[in-house]
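Student: Under numbering that gives the first Met the number 0, the first residue of the sequence shown is numbered 0, with each subsequent residue one higher. Glycine is no exception: its CB is placed at the ideal position from the N, C-alpha and C atoms. All values reported here derive from a predicted model rather than from experimental measurement.
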Amino acid sequence: MNPFWIKIEGVRLAITPRPRGRDWLDDDIRFLQRAGVDVVVSALTPAEVEELGLLEEGHCCQSNGLEFLSFPIEDRSVPPSLDEFDGLLNSVTAYLRNGKAVGVHCRAGIGRSSMIVASTLIRNGLSVDSAFSAIQEARGCSVPDTPEQRKWVERYSSRLSRAHK
C-alpha cells in the first residue's frame, strides 16, 4: 500500500489504493503514517467499507495519530453534488495549508481518488490537464477511470473559474 506522492512544490498530497482490511488494517495505516501521511481521505461507500473489512479505518487512523475523512462516491461514478464536494475540498485544502500531508484513496487509487486529488491541485492553480498529468506521473497509470469522471472535474474547474471572477 504505497502512497504515490504528487510532485508539485508546496503540496504534500498522495494518492493510494485502499488499505487492506481486517487483520492488515493497522499495519497499513501505520505504514501510511511512517510514509508521512497525516490525514487519510476515503472515497469508499459504506457497502465497500464493509465488504473490504475497513469498518475500523477511521478509528485505526485516530489511534495511530492520523485524521480521517470519509467522502463516499460510488465506484466508477462522480460525487453526489458539487457543493458537498467543495466542502470536502475546503477541508483538504485547509489541511494542506496547515502543513499536513493528505493521502486520498478509493478502492484502487485510480478513479474517485484521482478526482479528489485533481480537484485539489486545480484549487492550487493547476489546469485540469496538468493536474491529471501529475497524478498519472505519480501513479504510473491512466487516470481517472471514466470519461464522466474527467468531465466532472472539468465542470468543477469551470465552477472555480467563475467563482474567482
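#1: Pop quiz: aspartate 37 and alanine 100 are said to be a contact at Cβ under 8 Å. What is the actual Cβ separation, rounded to whole angstroms?
#2: For the candidate residues Gly108, Glu83, Ser41, Val91, whose alpha-carbon lies nearest to that of isoleucine 121?
#3: Give the secondary structure of valine 152 by DSSP, where H, G and I count as helix, E and B as strand, and everything else as coil.
#4: At what residue ranges does the stretch 68-104 contain a whole run of the alpha helix (DSSP H), taking only runs of 4 or more?
#5: Between proline 45 and glycine 108, how many whole angstroms is the CB-CB distance? I'm expecting something under 8 Å.
#6: Could you check if glycine 139 is buried or exposed, using at least 16 other CB atoms within 10 Å of its CB as the buried criterion?
#7: State the Cα-Cα distance for the pair glycine 35 and aspartate 85, rounded to the nearest angstrom.
#8: Please report the Cβ distance between leucine 31 and glycine 102, rounded to the nearest whole angstrom; I am assuming they are in contact, meaning their Cβ atoms lie under 8 Å.
#9: Taking the alpha-carbon positions, what's the glutamate 50 to proline 18 distance?
#10: On the CB-based measure, 16 or more other CB atoms within 10 Å of its CB, does glutamate 83 come out buried or exposed?
#11: Nearest-angstrom Cα distance between valine 152 and lysine 6?
Tutor: In terms of the structure at hand:
#1: Numbered from 1 along the sequence shown, position 38 holds the residue referred to as residue 37. Numbered from 1 along the sequence shown, position 101 holds the residue referred to as residue 100. Indeed they touch by this definition, with Cβ atoms about 5 Å apart.
#2: Taking the sequence shown and counting its residues from 1, the one referred to as residue 121 is at position 122. Minimum Cα distance to isoleucine 121 is reached at Val91.
#3: Residue numbering aside, residue 152 sits at position 153 when the sequence shown is read from its first letter. Residue state, collapsed to three classes: helix.
#4: 81-96
#5: Translated into positions along the sequence shown, residue 45 becomes position 46. Translated into positions along the sequence shown, residue 108 becomes position 109. At roughly 19 Å, the Cβ-Cβ gap does not stay under 8 Å, so proline 45 and glycine 108 are not in contact.
#6: Working through the sequence shown from its first residue, we reach residue 139 at position 140. Classification for glycine 139: exposed.
#7: Here residue 35 corresponds to residue number 36 of the sequence shown, with the count starting at 1. Here residue 85 corresponds to residue number 86 of the sequence shown, with the count starting at 1. Distance between the alpha carbons of glycine 35 and aspartate 85: 25 Å.
#8: As a position in the sequence shown, residue 31 is number 32, starting the count at 1. As a position in the sequence shown, residue 102 is number 103, starting the count at 1. About 6 Å; that satisfies the 8 Å criterion.
#9: Taking the first residue of the sequence shown as 1, we reach residue 50 at position 51. Taking the first residue of the sequence shown as 1, we reach residue 18 at position 19. If you take the alpha carbons of glutamate 50 and proline 18, they lie about 13 Å apart.
#10: As a first step, residue 83 is located in the sequence shown; it is residue number 84 there, counting from the start. Glutamate 83 comes out exposed.
#11: In the sequence shown, the residue the question calls residue 152 occupies position 153. In the sequence shown, the residue the question calls residue 6 occupies position 7. If you take the alpha carbons of valine 152 and lysine 6, they lie about 20 Å apart.
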